[in-house]
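Each protein sequence line maps, in turn, to chains H and V.
Taking the numbering used here, the leading residue of the first sequence gets 1096, the next gets one more, and so forth.
Taking the numbering used here, the leading residue of the second sequence gets 1096, the next gets one more, and so forth.
Ideal Cβ placement from N, Cα and C applies to all residues, glycine included.
These figures come from a predicted structure and were not determined experimentally.
The structure appears below as structure tokens.
Protein chains: 2
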Amino acid sequence: MGHQREPFIQSRIFSPGPTPIPLEARLAPLDSEVYHRTDDFYDLHLKCSEMLQPIFGCNRIPVILTCSGTGGLEAAMCNLTAPGDEVIVVNGGKFGERWEELATRYGCDTRLVKVAPGEAATAKELEPVLVTCGSPRAFFIQANETSTGVRHPVAELAAQVRAKFPGCLIIVDAISSLGAHPLNMNIDGFDCVVSASQKGFGLNPGLAFVALSDRAWDSLSSRPRFYFDLAKEFKGQSKGRSAWTPAIGLIQGLLVVLQKIHAVGLDAMVRNHEQLAGAVRASLPAMGLELFARTHPSNALTAIRVPTGMDGTKLQAVIRDRYGVTIPGGQDELKGKILRLSNLGFVNRFDLIHAISAIEFGLRDMGHKASSGASLGSGVKAFMQALDS
Amino acid sequence: MGHQREPFIQSRIFSPGPTPIPLEARLAPLDSEVYHRTDDFYDLHLKCSEMLQPIFGCNRIPVILTCSGTGGLEAAMCNLTAPGDEVIVVNGGKFGERWEELATRYGCDTRLVKVAPGEAATAKELEPVLVTCGSPRAFFIQANETSTGVRHPVAELAAQVRAKFPGCLIIVDAISSLGAHPLNMNIDGFDCVVSASQKGFGLNPGLAFVALSDRAWDSLSSRPRFYFDLAKEFKGQSKGRSAWTPAIGLIQGLLVVLQKIHAVGLDAMVRNHEQLAGAVRASLPAMGLELFARTHPSNALTAIRVPTGMDGTKLQAVIRDRYGVTIPGGQDELKGKILRLSNLGFVNRFDLIHAISAIEFGLRDMGHKASSGASLGSGVKAFMQALDS
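Right, here's the structure in full:
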């Protein structure tokens, strides 16, 4: 029963990157008669930069790089640290680990704040590291740890760091956070924020955005760097001219999604994420499911514990193969233990009703009691009621 | 006369990157419900890698990076050299200069072979550098110098280098050459070849391809690198798994263009470039124009001297503004002195008839005698006759 794939089912993905791409943004690159060394393209590029700026809340335009988000993280590391620099790194999951790897690879002297998966970093955990620090050059953290569905209280932690070390640069990976949670570099006192096109921006992967505070621009390190030379890019991009050939089609799409974000308004976009993620969380008990995050659950995605005794990898496969719905699972030691249901970007209530109903059918097929018989549909019902409250 | 823009004229670009993109490749990313951490996507990625391999003529799959071609050049530099390494760099234009800048930025000890713009590097120019070399780690060159429309005799020069220094790695920027000129890493004895998506491959910019010989794979240097870590990428991509989020839409398009290239056949594709570029060169005298290349003209693009006394920047503007045709000009010291008419990638005779006729109208508007009155159209006529010969 329900084990055959219904005809006409189409694939849908609910991942925290790539996220849904509006059709208009997908259509924009169909005009491929665009050369990037023309005044028209310089205007387009600069317009994108100027529309990105208020989303980061910084004083100068963010730099647009043709690379994945990780390239943006590397750009932050190699432009803002020098070998031997003491740095503080918060590691609460796979992406915190990426900061740690980057710092190690680049010869920094790393002071680690290790945070248990599913928990947000706390002032209490940070304090002993601050006490033993000499004079840290930079503090690295995720705004949203995508691997565990946890949002670190990053503005508070940044204030704590700067209270003790006013010169320490606050460097925030907001790749999966921007648009989903409030962030403003000037208000929050961040010195570098990195994001990427396939996240809250609702575009195909291939662009990273790196925004710097005035003091970060004034304290670039000297290291061999070329493709990720932020000063060179900033100088050119202030006139719409990227140093290297940009991903033209993605820049064409970027204008479209930025216009949408500005039309909605950043505050309304963040509220949408709060409401949808809140309703997803509220739907879990009705399905006999539990939230993985113990504190500060993300509003970009919800990490859901796979019921004890159930094979999470098999559950994922059932949901994908029978119902066409791809929901990423856990990575590394969390493999098979969680589902990571995303509502990041251009997502609405009907998208999530689709996803939650697929999870319920999947749980039913796996023999999960809370999602069978008269209970089937309870998750969707709870989600809808949460939106109404 | 002819100074107003005709209604219904559409923009066309004839640049050596971005090149024309087949509609099917532009349509492929419209299906955005594709997650990159699935078996289906791994299959797609690996298929692309396997179809790229014979185009490079190497023993292992090339690595696909999400970046511009310059990112691919940096990957070659930072994976294959260490600080202090002696390297030989051929600089015959803006892209040779890029190798030189990269080598300097990465702390290599550079032996420069400086070649006059418009000329190909010769054995005679290379010899004195080889005589003074100690034990060079690598030899860097362009297969095609895009800024001057010159093709270096790269296989011959590589043989000359390796005759004296068998251990020296031969590293070839074939970004604007692959598909337009014969190249086979195994036959030519190349150790690293870099190319990019928006060139002969007929795709949007955003992907670079880096192929290594077995001995290059066996002699990777140790340097801080992260995003451009070729060994890490190779290991993953051998199973279709890129280390970082790939430009999914471009990978979808890549399969389409690779299928087209394989359907045509690489040899036939190279012959098409030879014929079209040869016919473009043959059309120049009829328009009173001269080739910029003094030796080894490129089959990917034709650098055309702007007639003496004519403002080349204005000519470009007339061709673009009145006739909708964008033809890149010279860069840096060649600005205003040349037009660079490309036939790279998925280009056919009618495309070039369009471009050459626009050049003729532009020359006529600029008061160029050889393209006015009864002479107008002589360039197109000569082009057509050259194809017939």
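Residue-level contact to chain V via CB, residue i, 7 Å cutoff
i, result
"Ile1104 (chain H)", "no"
"Gly1335 (chain H)", "no"
"Pro1488 (chain H)", "Summary: the structure shown does not reach residue 1488 (chain H), with chain H confined to residues 1096 through 1484, and so no result is reported for it."
"Ile1054 (chain H)", "Residue numbering for chain H in the displayed model covers 1096 to 1484; residue 1054 (chain H) lies beyond these limits and cannot be assessed."
"Gly1344 (chain H)", "yes"
"Ser1467 (chain H)", "no"
"Pro1261 (chain H)", "no"
"Leu1353 (chain H)", "no"
"Phe1441 (chain H)", "no"
"Thr1227 (chain H)", "no"
"Leu1325 (chain H)", "no"
CB contact check: residue i to chain H, cutoff 7 Å
i, result
"Trp1063 (chain V)", "In the structure as shown, chain V starts at 1096 and stops at 1484, and residue 1063 (chain V) therefore has no counterpart that could be examined."
"Ser1110 (chain V)", "yes"
"Arg1100 (chain V)", "no"
"Tyr1137 (chain V)", "no"
"Ser1316 (chain V)", "no"
"Leu1349 (chain V)", "no"
"Glu1128 (chain V)", "yes"
"Leu1060 (chain V)", "Since the first residue shown for chain V is 1096 and the last is 1484, residue 1060 (chain V) is missing from the structure and cannot be characterised."
"Met1461 (chain V)", "no"
"Phe1321 (chain V)", "yes"
"Leu1141 (chain V)", "no"
Selection from the options that minimises the alpha carbon distance to residue i
i, options, result
"Ser1452 (chain V)", "V:Asn1443, V:Leu1434, V:Met1364, V:Gly1472", "V:Gly1472"
"Lys1327 (chain H)", "H:Asp1135, H:Gly1188, H:Pro1157, H:Pro1117", "H:Pro1157"
"Ile1270 (chain V)", "V:Phe1285, V:Thr1241, V:Pro1277", "V:Thr1241"
"Val1401 (chain H)", "H:Arg1415, H:Pro1392, H:Gly1383", "H:Gly1383"
"Ala1306 (chain H)", "H:Met1364, H:Lys1432, H:Asn1279", "H:Asn1279"
"Val1420 (chain H)", "H:Pro1392, H:Ile1454, H:Lys1430", "H:Ile1454"
"Ser1437 (chain H)", "H:Arg1376, H:Thr1408, H:Leu1429", "H:Arg1376"
"Ile1183 (chain H)", "H:Cys1153, H:Thr1403, H:Cys1203, H:Ile1116", "H:Cys1203"
"Phe1109 (chain V)", "V:Leu1447, V:Asp1460, V:Ala1465, V:Gly1468", "V:Leu1447"
"Gly1360 (chain V)", "V:Gly1440, V:Asp1416, V:Ala1381, V:Asp1313", "V:Gly1440"
"His1131 (chain H)", "H:Ala1342, H:Glu1195, H:Pro1380", "H:Ala1342"
"Val1267 (chain H)", "H:Ala1177, H:Asp1309, H:Met1172", "H:Met1172"
"Gly1262 (chain H)", "H:Ala1311, H:Ile1346, H:Trp1194", "H:Ala1311"
"Ser1487 (chain V)", "V:Pro1178, V:Pro1223, V:Ala1275", "An answer regarding residue 1487 (chain V) cannot be provided, because it is not within the stretch 1096 to 1484 covered by chain V."
"Cys1143 (chain H)", "H:Gly1457, H:Gln1354, H:Cys1162", "H:Gln1354"
"Gly1431 (chain V)", "V:Phe1387, V:Ala1395, V:Pro1392, V:Val1442", "V:Phe1387"
Buried versus exposed call for residue i [16 or more other C-beta atoms within 10 Å across all chains shown]
i, result
"Asp1427 (chain H)", "exposed"
"Asp1180 (chain V)", "buried"
"Asp1080 (chain H)", "Past the edges of chain H, shown from 1096 to 1484, lies residue 1080 (chain H), and the structure says nothing about it."
"His1357 (chain V)", "exposed"
"Leu1389 (chain H)", "This sequence places Arg at residue 1389 (chain H); Leu is not what is there. The residue is exposed, with fewer than 16 neighbouring Cβ atoms inside 10 Å."
"Ile1282 (chain H)", "exposed"
"Leu1118 (chain H)", "exposed"
"His1235 (chain V)", "According to the sequence displayed, residue 1235 (chain V) carries Phe and not His. The residue is buried, with at least 16 neighbouring Cβ atoms inside 10 Å."
"Lys1334 (chain H)", "exposed"
"Arg1082 (chain H)", "Residue 1082 (chain H) is absent from the model: chain H starts at 1096 and stops at 1484."
"Arg1459 (chain V)", "buried"
"Asn1367 (chain H)", "buried"
"Ser1292 (chain V)", "buried"
"Ser1484 (chain V)", "exposed"
"Glu1195 (chain H)", "buried"
"Ala1211 (chain V)", "exposed"
"Ser1230 (chain V)", "exposed"
- Task: Using a Cβ-Cβ cut-off of less than 7 Å, give me the residues of the segment 1268-1294 of chain H that come near chain V, in sequence order.
- Result: Gln1293
- Residues of the segment 1391-1408 of chain H with a CB closer than 8 Å to any CB of chain V: list them in chain order, please. none
- Task: At 4 residues or longer, and completely inside the segment 1130-1179 of chain H: list those alpha helix (DSSP H) runs for me, N to C.
- Result: 1134-1151, 1164-1175
- Mind checking the segment 1143-1175 of chain V against chain H and listing, in chain order, the residues whose C-beta falls within less than 7 Å of any C-beta there? Thr1161, Cys1162, Ser1163, Gly1164, Thr1165, Gly1166, Glu1169
- Query: Closer than 8 Å, Cβ to any Cβ of chain H: which residues of the segment 1300-1313 of chain V, in chain order?
  - Reply: Pro1300, Gly1301
- Message: Extract the residue ranges of the beta strand (DSSP E) inside the segment 1164-1252 of chain H, only unbroken runs of 3 or more that lie entirely within it.
- Response: 1181-1186, 1204-1209, 1233-1237
- Query: What residues in the segment 1410-1436 of chain V bring their beta carbon closer than 7 Å to a beta carbon of chain H?
  - Reply: Thr1421, Pro1423
- Query: Which runs of the beta strand (DSSP E) fall wholly inside the segment 1404-1460 of chain H and span at least 3 residues, in chain order?
  - Reply: 1433-1437
- Query: Quick one: complete beta strand (DSSP E) runs, 3+ long, within the segment 1315-1369 of chain H?
  - Reply: none
- Message: Using a Cβ-Cβ cutoff of 8 Å, what residues of the segment 1191-1225 of chain V are near chain H? List them in chain order.
- Response: Glu1196, Leu1197, Arg1200, Tyr1201, Gly1202
- Query: Which of the residues in the segment 1236-1249 of chain V, read from start to end, lie with their CB under 7 Å from any CB of chain H?
  - Reply: none
- Item | Residues in the segment 1441-1455 of chain H having any Cβ partner in chain V nearer than 9 Å | none
- Message: Taking beta-carbon pairs under 9 Å, can you tell me which members of the segment 1360-1389 of chain V lie near chain H?
- Response: none
- Item | Segments of 4+ residues assigned as alpha helix (DSSP H) that fall wholly inside the segment 1275-1318 of chain V | 1280-1283, 1309-1312
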